[in-house]
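Novice: FYI, the numbering for the sequence shown is 1 to 362, going by our numbering.
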Amino acid sequence: MAKLGEVCLLKAGKFVSANDISPEYNKGLYPCFGGNGIRGYVADYTHDGEFPLIGRQGALCGNVNLASGKFHATEHAVVVQPKIEMNVHWLYYALNAMNLGQYATGAAQPGLAVSKLETLSIEIPNISEQNKIAQTLYKVEQLVNFRKQQLAKLDELVKARFVEMFGDPVRNEKGWNTYALAEMCDGIGDGLHGTPEYDENGEYPFINGNNLIDGVIQINASTKKVNKKTYEKHYIKISQNAILLSINGTLGKIAFYNGEQVMLGKSACYCNLKDEVNRIFVYKIMKTDAFAGYLEDNSTKSTIKNVGLKAIREYRLIAPPLSLQNQFAVFAEYVDQQKQTVQQSLEKLELMKKALMQEYFG
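#1: In the region 10-80, which residue ranges form an unbroken beta strand (DSSP E) of at least 3 residues, counting only runs that do not cross its ends?
#2: Start and end of the alpha helix (DSSP H) containing residue 346?
#3: Hey, out of 305, 233 and 238, whose CA is closest to residue 186's CA?
#4: Could you give the DSSP three-state label for residue 7: helix, strand or coil?
#5: With which residues is residue 190 paired in a DSSP beta bridge?
#6: Run through DSSP, which three-state label would residue 86 get?
#7: My output table needs one value for residue 98: the three-state DSSP class, helix, strand or coil.
#8: Measure from the alpha carbon of residue 335 to the alpha carbon of each residue in 315, 192, 241 and 156, then state which is nearest.
#9: Near residue 324, which residues of its chain fall below 7 Å by C-beta distance, leaving aside the five closest residues on each side in sequence?
#10: With burial defined as no fewer than 16 other Cβ atoms inside 10 Å of the residue's Cβ, what is the status of residue 65: buried or exposed?
#11: State the beta-bridge partners of residue 256 as determined by DSSP.
#12: Is the CB-CB distance between residue 77 and residue 34 below 7 Å?
#13: List the endpoints of the continuous beta strand (DSSP E) containing residue 317.
#14: When we look at the beta-carbon of residue 60 and count the other beta-carbons within 10 Å, is it buried (16 or more) or exposed?
#15: Any beta carbon from chain D within less than 7 Å of residue 131's own beta carbon?
#16: From this set, 309, 101 and 83, which residue's C-alpha is nearest residue 271's C-alpha?
#17: Taking all protein chains shown into account, do 16 or more other C-beta atoms lie within 10 angstroms of the C-beta of residue 44, making it buried, or fewer, making it exposed?
#18: Are residue 13 and residue 104 close, meaning C-beta to C-beta below 7 Å?
#19: Using C-beta distances below 7 Å, list every residue in its chain close to residue 329, excluding the 5 sequence neighbours before and after it, in chain order.
#20: My output table needs one value for residue 300: the three-state DSSP class, helix, strand or coil.
#21: Is residue 62 near residue 111, with beta carbons less than 7 Å apart?
#22: Residue 205 to residue 262, Cα distance in whole Å?
#23: Which class does residue 371 belong to by DSSP, given the choice of helix, strand or coil?
#24: Provide the residue(s) that pair with residue 121 in DSSP beta bridges, ordered along the chain.
#25: Measure the Cβ-Cβ separation of residue 212 and residue 254 and say whether it is below 7 Å.
#26: So, helix, strand or coil for residue 225, using DSSP?
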């Protein structure tokens with residue numbers, strides 16, 4: 001067991017003005033690492049090689065990145081350079097396992113002192129064992145990244161198919177009829193404006209926008225419940241063709257309603273789509289940057305953002321024939337099935353990595 005400062009040189013990087021950081025890469029520029037990873041690209045570099053970087057300031061201080069080649073480390077990144085023979089990849093994983101964020105001080109602007117990091121203990125196996133550990137974790141990490149890339153590509157495939165069939169839903173270059181969302185629904189509203197009487201033995205979850213995740217209503221251990229009397233008192237008829245949308249706090253989270261017996265709070269808006277509208281088609285429109293921008297533009301500029309029902313009802317959507325909407329929905333559902341398979345594989349790999357980290361670093 002050794003102190004981190006005995007086996008590694010820890011030194012914060014060099015200040016660079018935000019005006020000198022380009023958000024995009026251009027020839028002759030170098031990656032610029034701040035406390036939370038790459039901030040952009042700059043004209044000069046401070047290091048050349050492969051080094052773990054520890055974020056030392058901000059909400060994510062203590063996070064660890066691995067930089068390689070020529071790069072610029074800012075004063076918010078601590079560059080870790082071994083003083084002894086050491087596998088840098090092993091060191092990167094070891095630092096991650098140390099949960100360095102727990103040593104941060106300061107509430108408003110958490111920070112990590114280099115002097116504190118230097119005193120932390122680290123157990124260093126022989127170089128052969130380091131190489132073995134680093135190689136194993138690297139292989140698993142590569143598989144994890146590959147699965148994430150697969151998920152991203154499947155998402156892009158659905159977006160590309162949408163544009164191929166319907167064009168841009170804002171520019172509407174294909175000339176589809178457009179309607180206000182209210183015209184495509186039998187009703188749009190939101191849930192209870194207030195706090196219901198909770199019942200820990202109740203059978204009906206009380207949900208808000210934070211329960212709407214990637215098309216699914218997610219109920220967890222912290223979800224409050226109400227009893228049958230309260231549920232029936234505030235009952236709202238939601239159709240089997242409905243979409244739920246978060247309109248308060250975190251905007252634009254969406255879920256399909258599939259008959260769940262839930263009670264809605266005010267941040268959950270329901271859209272009872274008419275039978276001649278395919279809700280998967282509408283869901284994909286609501287997942288676009290254009291719709292997210294519309295919500296942002298029409299939200300209150302207070303601490304907690306809120307979008308009124310009037311703005312939701314007035315949002316205009318293209319309306320291709322239902323047969324085309326259904327055709328797209330079949331394709332989207334097929335791709336979603338593939339995504340579920342990839343997601344399950346990703347979750348298994350992440351569990352494997354977590355178990356290996358526990359085995360190697362305790």
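The beta carbon of each residue, even a glycine, is placed where N, CA and C say it ideally should be.
Specialist: For this structure:
#1: Runs of the beta strand (DSSP E) spanning 3 or more residues and lying entirely within the region 10-80 occur at 30-34, 37-42, 47-55 and 64-73, in chain order.
#2: Unbroken alpha helix (DSSP H) run through residue 346: 322-361.
#3: For residue 186, the nearest C-alpha among the options comes from 238.
#4: Looking at residue 7 - three-state DSSP - the assignment turns out to be helix.
#5: The partner list for residue 190 (beta bridge, DSSP) reads 269.
#6: Reduced to three states, the DSSP call for residue 86 is coil.
#7: Note: residue 98 maps to coil in three-state DSSP.
#8: Nearest to residue 335 by C-alpha distance, out of 315, 192, 241 and 156, is 156.
#9: Its chain contains 165 as the residues whose beta carbon lies nearer than 7 Å to that of residue 324, once the 5 sequence neighbours on both sides are disregarded; these appear in chain order.
#10: Taking a 10 Å sphere around the C-beta of residue 65, we find 16 or more other C-beta atoms and assign the residue as buried.
#11: DSSP lists 243 as partners of residue 256.
#12: Contact: yes.
#13: Here the beta strand (DSSP E) through residue 317 covers 316-318.
#14: Exposed.
#15: No chain D appears in the structure shown, which is made up of a single protein chain.
#16: Per the Cα distances, 309.
#17: If you draw a 10 Å sphere on the C-beta of residue 44, you find fewer than 16 other C-beta atoms in it, and that means exposed.
#18: Going by C-beta atoms, residue 13 is not nearer than 7 Å to residue 104.
#19: Result list for residue 329: 278, 280 and 281, in chain order.
#20: Here residue 300 sits in coil by DSSP.
#21: Here residue 62 is not near residue 111, since their CB atoms are 7 Å or more apart.
#22: Straight through space, the alpha carbons of residue 262 and residue 205 are spaced by roughly 5 Å.
#23: Only positions 1 to 362 of the chain appear in the structure, and residue 371 is not among them; the question remains open.
#24: Partner residues in the beta bridge of residue 121, as assigned by DSSP, are 3.
#25: Cβ atoms of residue 212 and residue 254: closer than 7 Å.
#26: Look at residue 225 here: in three-state DSSP terms it is strand.
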